[in-house]
Amino acid sequence: MALSGDARMGLIYDGDDIQMTSRARVIFTMSGETDTGLAFGASFRGDQIDGANGNTNMNAGTVFISGDFGKLSFGDVGSAARSAVGDLHGVGLTGLGFANEYPYLDRLQGDLAEEFDAGLGYTTAAMYEYSIDGLSVFASVGQFGVVRDTFGELDSFGDGFITDTKVTSNAAAIGARYDFGDFGVSAGYEMARFKGTFTETEFFSGDEVDSVSGSETLKADHLIIGVDATFEGINVKAIYGRAGKDLGDALKADPDASRDQYGISMSARFDEVGVSAFAHRDFFKTTNLGVGASYDLGGGARIVGGVRHEKPKGSSSNTTADFGLAFSF
Amino acid sequence: MALSGDARMGLIYDGDDIQMTSRARVIFTMSGETDTGLAFGASFRGDQIDGANGNTNMNAGTVFISGDFGKLSFGDVGSAARSAVGDLHGVGLTGLGFANEYPYLDRLQGDLAEEFDAGLGYTTAAMYEYSIDGLSVFASVGQFGVVRDTFGELDSFGDGFITDTKVTSNAAAIGARYDFGDFGVSAGYEMARFKGTFTETEFFSGDEVDSVSGSETLKADHLIIGVDATFEGINVKAIYGRAGKDLGDALKADPDASRDQYGISMSARFDEVGVSAFAHRDFFKTTNLGVGASYDLGGGARIVGGVRHEKPKGSSSNTTADFGLAFSF
Amino acid sequence: MALSGDARMGLIYDGDDIQMTSRARVIFTMSGETDTGLAFGASFRGDQIDGANGNTNMNAGTVFISGDFGKLSFGDVGSAARSAVGDLHGVGLTGLGFANEYPYLDRLQGDLAEEFDAGLGYTTAAMYEYSIDGLSVFASVGQFGVVRDTFGELDSFGDGFITDTKVTSNAAAIGARYDFGDFGVSAGYEMARFKGTFTETEFFSGDEVDSVSGSETLKADHLIIGVDATFEGINVKAIYGRAGKDLGDALKADPDASRDQYGISMSARFDEVGVSAFAHRDFFKTTNLGVGASYDLGGGARIVGGVRHEKPKGSSSNTTADFGLAFSF
Numbered sequence: 150m151a152l153s154g155d156a157r158m159g160l161i162y163d164g165d166d167i168q169m170t171s172r173a174r175v176i177f178t179m180s181g182e183t184d185t186g187l188a189f190g191a192s193f194r195g196d197q198i199d200g201a202n203g204n205t206n207m208n209a210g211t212v213f214i215s216g217d218f219g220k221l222s223f224g225d226v227g228s229a230a231r232s233a234v235g236d237l238h239g240v241g242l243t244g245l246g247f248a249n250e251y252p253y254l255d256r257l258q259g260d261l262a263e264e265f266d267a268g269l270g271y272t273t274a275a276m277y278e279y280s281i282d283g284l285s286v287f288a289s290v291g292q293f294g295v296v297r298d299t300f301g302e303l304d305s306f307g308d309g310f311i312t313d314t315k316v317t318s319n320a321a322a323i324g325a326r327y328d329f330g331d332f333g334v335s336a337g338y339e340m341a342r343f344k345g346t347f348t349e350t351e352f353f354s355g356d357e358v359d360s361v362s363g364s365e366t367l368k369a370d371h372l373i374i375g376v377d378a379t380f381e382g383i384n385v386k387a388i389y390g391r392a393g394k395d396l397g398d399a400l401k402a403d404p405d406a407s408r409d410q411y412g413i414s415m416s417a418r419f420d421e422v423g424v425s426a427f428a429h430r431d432f433f434k435t436t437n438l439g440v441g442a443s444y445d446l447g448g449g450a451r452i453v454g455g456v457r458h459e460k461p462k463g464s465s466s467n468t469t470a471d472f473g474l475a476f477s478f
Numbered sequence: 150m151a152l153s154g155d156a157r158m159g160l161i162y163d164g165d166d167i168q169m170t171s172r173a174r175v176i177f178t179m180s181g182e183t184d185t186g187l188a189f190g191a192s193f194r195g196d197q198i199d200g201a202n203g204n205t206n207m208n209a210g211t212v213f214i215s216g217d218f219g220k221l222s223f224g225d226v227g228s229a230a231r232s233a234v235g236d237l238h239g240v241g242l243t244g245l246g247f248a249n250e251y252p253y254l255d256r257l258q259g260d261l262a263e264e265f266d267a268g269l270g271y272t273t274a275a276m277y278e279y280s281i282d283g284l285s286v287f288a289s290v291g292q293f294g295v296v297r298d299t300f301g302e303l304d305s306f307g308d309g310f311i312t313d314t315k316v317t318s319n320a321a322a323i324g325a326r327y328d329f330g331d332f333g334v335s336a337g338y339e340m341a342r343f344k345g346t347f348t349e350t351e352f353f354s355g356d357e358v359d360s361v362s363g364s365e366t367l368k369a370d371h372l373i374i375g376v377d378a379t380f381e382g383i384n385v386k387a388i389y390g391r392a393g394k395d396l397g398d399a400l401k402a403d404p405d406a407s408r409d410q411y412g413i414s415m416s417a418r419f420d421e422v423g424v425s426a427f428a429h430r431d432f433f434k435t436t437n438l439g440v441g442a443s444y445d446l447g448g449g450a451r452i453v454g455g456v457r458h459e460k461p462k463g464s465s466s467n468t469t470a471d472f473g474l475a476f477s478f
Numbered sequence: 150m151a152l153s154g155d156a157r158m159g160l161i162y163d164g165d166d167i168q169m170t171s172r173a174r175v176i177f178t179m180s181g182e183t184d185t186g187l188a189f190g191a192s193f194r195g196d197q198i199d200g201a202n203g204n205t206n207m208n209a210g211t212v213f214i215s216g217d218f219g220k221l222s223f224g225d226v227g228s229a230a231r232s233a234v235g236d237l238h239g240v241g242l243t244g245l246g247f248a249n250e251y252p253y254l255d256r257l258q259g260d261l262a263e264e265f266d267a268g269l270g271y272t273t274a275a276m277y278e279y280s281i282d283g284l285s286v287f288a289s290v291g292q293f294g295v296v297r298d299t300f301g302e303l304d305s306f307g308d309g310f311i312t313d314t315k316v317t318s319n320a321a322a323i324g325a326r327y328d329f330g331d332f333g334v335s336a337g338y339e340m341a342r343f344k345g346t347f348t349e350t351e352f353f354s355g356d357e358v359d360s361v362s363g364s365e366t367l368k369a370d371h372l373i374i375g376v377d378a379t380f381e382g383i384n385v386k387a388i389y390g391r392a393g394k395d396l397g398d399a400l401k402a403d404p405d406a407s408r409d410q411y412g413i414s415m416s417a418r419f420d421e422v423g424v425s426a427f428a429h430r431d432f433f434k435t436t437n438l439g440v441g442a443s444y445d446l447g448g449g450a451r452i453v454g455g456v457r458h459e460k461p462k463g464s465s466s467n468t469t470a471d472f473g474l475a476f477s478f
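Protein chains in written order, with the working numbering: chain A, 150 to 478; chain B, 150 to 478; chain C, 150 to 478.
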């Protein structure tokens, strides 16, 4: 059982106003080893203490066991595609909305999410990882979402309709990453499916006289690839993603959206000074640019600042910024 | 101040569907000693951190002081009857609904609970324990529940009715356990009482002209006895409980219920292998059977699985099961 | 990263009924040091774990950095006036409602708070402190509260009104304390301001034809001074506060209120025995008297009890009391 933590204090500008921003958090990390040498453990943040107590909805923290066979994790693990390919380099004290993070299927927000948030991400899921030499492979599956419901009733003569419904949601992903020297390539594929089925049964005088069934399915997938390279202390990364199936069709049909997202970023460190930058264009044709810098004060303290410029398609742009001190304990 | 924790990851079958289940928790344990050698301390789980901060409703965690005089605990202590007699042996990774746990008065759920959940259990209570040789005695009292209310008003002529009401709920329990060699016997008695009183006062031109009072009382009790024995590494336990007073009468009058509950269970350990089983018939004539097994991997890790079969009176049975890894840190 | 905690168990009398009261809490304290010797850290209670994760509303816990320049803290810091002058000595196991605490502007509750709770206190704020010899100075500023809103719309002819509103709330305070030998004097000044502005623009056929602006401002301030002295192990303290600006005018105009509050208190320790007492008359002419005593059992355990007598202006008085064990870990 180990305790660690982080904290920060600074200012944030939201495009209109400046406000103070600060926080302090603790992280619990538990670990053990079986008699045969398998490692196991769990970890969660203090503010996620309730979500980590999740059972069939562990939406924070993770639990794992690992050995020669690889590593198996349950909980808030994200998708295998995300684990393999990851995100662009971030900027700022607060992350400035984390526009450097990619909308993987397990993170889809907004209108499309209502159709496609198949639960890979922020509910219980399982992830398997295996690494050998420069190759890492990942496979994940979201919670097996099932909702069953029955409605309708018979009248006093035994006449009427009874309808059984079942809605299932499934998500799965695979990913891989290969490192050779200072170069790395990665790829991931994630898919999600919603399926609703119903069976309506008609009764007359208590006897079943007819039955009608039907179902509807909605699918989404997301193929994503990345490349990255490190030279002279500078790390550069590019990521391209393409949505498919019903999600791809919906994006394609929307004149304000696209099936594709792409971006590039860099991070470098020169003694105490760190700099990072990213550019990302998402499915909804919003472009985000970010630049950030930090200065290491030693002992776990850094001065950090960043600027983010957001340009949504068809509306005016907005610039946000932050600056302050970040601590790790 | 000591930290410990537990975590688990596995699968659960609810009778219809299989889902992943996992969680991670931390436990805070604080202890101290006075100059004269009295021990004191407190303990609560991380996900109960708010309930443990309870004041007059400390519904999680406990605080204690102990010495030659015995041990006095406040908080989420349960009833003395439950402390003395306890529950049947449990099964499974998740407890599978904890059907091995007895419906003591401090745990009553459902329809009857609305009349009888007198607050022994999941609100602040106090427990006193004393042990000498093989004998342990327990006495507990629930929070002194009081709700006072006044309603009604006088009109502009000073005419009208004012009604004062007071609802009190009290619960108390005693228990004892005696161990002789490999055998143990235990018994507990718990009681709960709700009392509502009212005084309606009539006013005319601002003067009190009449006053009517009344009260209604509802009582419940529960006598419970247990025997257990250990031989050749096998622990066997049987528990019988009988509800009385208004609760017993209500159960007796209900054709689908009974004043009696009873059950039997066993648990055994052979090197790394553990097995357990229980059978319980509750007040509502629901029968639960459970079997479970575990394999100790060492270092605090176990493989655990269980099956529970539930047969409610007058409706169809259901079987649930779970399987996975349980960790303690 | 250090853990500490506290717990208590006892009885409380609310003027009508006696109830059991208990609780257990944990405190997280994180600290570090930069390469150049600046100290930094953060602290919060376990039950405040969510509030400490606050960003622009860190309403629990604090984060700080300190060095030769002084100490700068963000988070739930209270006002500089409160830090300099403080509160009267408290009584009892539970604080008995903390009537010894002064209604600083960052704590104003009730009717006036709706106009004047300018956010110094229980939202993110910043505090600067500097001490040299016997002198300590404090300066604080509350979160820069800003709410912007736009409403109204144009009809299909491009006619209509659009109104932009902006409500800002600001709070700031200064304070100082000087100690000479066994005497100390302290003073603080805190102020809060709400300002609402609007601009209503009229459109005709899509063109701006007229524009009207306006604003309204509401101000409050609070001057508070304190003196304290220690002799023969007895600490005595007196505090006087006077509200001004719109808040002072509103209090002055209210026959049941006053612009002034004042109080006196003492605390003494003789070996294991501690006693304390306070008397306070607040802005609403409510008088509170409190007396308390404690006995130190060693090892962090104390027996503590207290009585509080409250006499609101124009209504009947109420006496509350508590008694029990307090533990620190």
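Backbone N, C-alpha and C fix where the C-beta goes; we use that ideal spot for every residue, glycine too.
So what does DSSP say about residue i, is it helix, strand or coil?
i	result
leucine 221 of chain A	strand
asparagine 204 of chain A	strand
arginine 256 of chain B	helix
aspartate 431 of chain B	coil
alanine 274 of chain C	strand
alanine 442 of chain B	strand
alanine 406 of chain A	coil
lysine 394 of chain C	helix
leucine 240 of chain B	Here residue 240 of chain B turns out to be valine, not leucine, going by the sequence shown. Reduced to three states, the DSSP call for valine 240 of chain B is coil.
aspartate 196 of chain C	helix
alanine 229 of chain C	helix
leucine 400 of chain A	helix
In its own chain, which residues sit with a C-beta less than 6 Å from the C-beta of residue i, not counting the 5 before and 5 after it?
i	result
glycine 215 of chain B	Just to set this straight, residue 215 of chain B is serine in the shown sequence, not glycine. These residues qualify, in order along the chain: Ala188.
proline 461 of chain C	Thr435
glycine 397 of chain B	Arg408
phenylalanine 433 of chain C	Ala406
valine 361 of chain A	Glu349
valine 290 of chain C	Ala275 and Ala321
Here's a check: name, in chain order, each residue in its chain whose Cβ is nearer than 7 Å to the Cβ of residue i, leaving out the five neighbours to either side.
i	result
aspartate 298 of chain C	Thr314
valine 358 of chain C	Glu351 and Phe352
Please name the residue, chosen from the options, that lies closest to residue i on a Cα-to-Cα basis.
i	options	result
glutamate 459 of chain C	C:Asn437, C:Asp445, C:Gly447 and C:Phe472	C:Asn437
lysine 220 of chain C	C:Gly463, C:Val424, C:Phe287 and C:Leu372	C:Phe287
glutamate 365 of chain B	B:Gly355, B:Gln410, B:Gly345 and B:Tyr279	B:Gly345
lysine 368 of chain B	B:Asn319, B:Gly390 and B:Thr348	B:Asn319
glycine 375 of chain A	A:Ile161, A:Ser222, A:Tyr251 and A:Ile198	A:Tyr251
aspartate 500 of chain A	B:Ala387, B:Gly463, B:Val456 and B:Leu446	With chain A running from 150 to 478 in the structure shown, residue 500 of chain A is simply not present.
glycine 463 of chain B	B:Pro404, B:Arg418 and B:Leu245	B:Pro404
Which same chain residues, not among the five before or five after residue i, have their C-beta less than 8 Å away from its C-beta?
i	result
aspartate 304 of chain C	none
phenylalanine 310 of chain C	Gly301, Glu349, Thr350, Glu351 and Phe352
isoleucine 176 of chain C	Leu152, Ser153, Gly154, Asp155, Ser192, Phe193, Arg194 and Gly195
Note down, one range per segment and in chain order, each beta strand (DSSP E) of at least 3 residues found wholly within the region 312–374 of chain C. 332–353
Residues of the region 270–301 of chain A with a CB closer than 8 Å to any CB of chain C: list them in chain order, please. none
Residues of the region 162–180 of chain B with Cβ closer than 8 Å to any Cβ of chain A, in chain order: Asp165, Asp166, Ile167, Gln168, Met169, Thr170, Ser171, Arg172, Ala173, Arg174 and Val175
Interfacial residues, the region 201–220 of chain B to chain C, with Cβ spacing under 7 Å: Of all residues in the region 201–220 of chain B, Ala201, Asn202, Gly203, Asn204, Thr205, Met207, Gly210, Val212 and Ile214 have a Cβ within less than 7 Å of some Cβ in chain C.
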